[in-house]
């Protein structure tokens, strides 16, 4: 049972533990908000973040771990692309990854005639399959982050 914050405010920081992260495996995802586009590293890169939530867990997701995590409703993540503003080759690779994701994996209707910006905006509510992976923190390998790795079109 969840306490309210005035009760939590009396908790010792030493007693606060990092919550579990969603279990690994394949999920069906839905884009929940407009993509966020922001410059990072003094403008050397642009981060394209597409907020999404899991709407179905496939067979290779541990159902016990998912239940302990609080169920499918708590599996929220983002699909991210990092665009290199200083390197045309790397930038072109990211452009193609974004195209594959929007055109093939999200299967947005009429996407071929859209600009990248229009297609990103049109991705709202689109669904795709994606693998949830755990990535270790560079500075603290014990600390893990859950992120959407490989994506694919939804299974029929």
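Numbering (my numbering), first residue to last: 3 to 158. Backbone N, C-alpha and C define an ideal beta-carbon position, used for all residues, glycine too.
Distance, residue j Cα to residue i Cα
{"i": "residue 118", "j": "residue 127", "result": "17 Å"}
{"i": "residue 7", "j": "residue 75", "result": "22 Å"}
{"i": "residue 86", "j": "residue 65", "result": "38 Å"}
{"i": "residue 48", "j": "residue 140", "result": "21 Å"}
Run of the alpha helix (DSSP H) containing residue i, from where it starts to where it stops
{"i": "residue 117", "result": "Taken as a continuous stretch (DSSP letters only), residue 117 belongs to no alpha helix (DSSP H), as it is neither H nor E."}
{"i": "residue 9", "result": "7-10"}
{"i": "residue 100", "result": "90-102"}
{"i": "residue 67", "result": "65-71"}
Pair within 8 Å by beta-carbon distance, residue i and residue j
{"i": "residue 46", "j": "residue 88", "result": "yes"}
{"i": "residue 38", "j": "residue 55", "result": "no"}
{"i": "residue 103", "j": "residue 153", "result": "yes"}
{"i": "residue 28", "j": "residue 131", "result": "yes"}
Span of the beta strand (DSSP E) around residue i
{"i": "residue 153", "result": "146-154"}
{"i": "residue 58", "result": "47-59"}
{"i": "residue 27", "result": "27-33"}
{"i": "residue 81", "result": "78-86"}
CB-CB length for residue i against residue j, believed under 8 Å
{"i": "residue 70", "j": "residue 138", "result": "No, residue 70 and residue 138 are not in contact; Cβ-Cβ is about 21 Å, not under 8 Å."}
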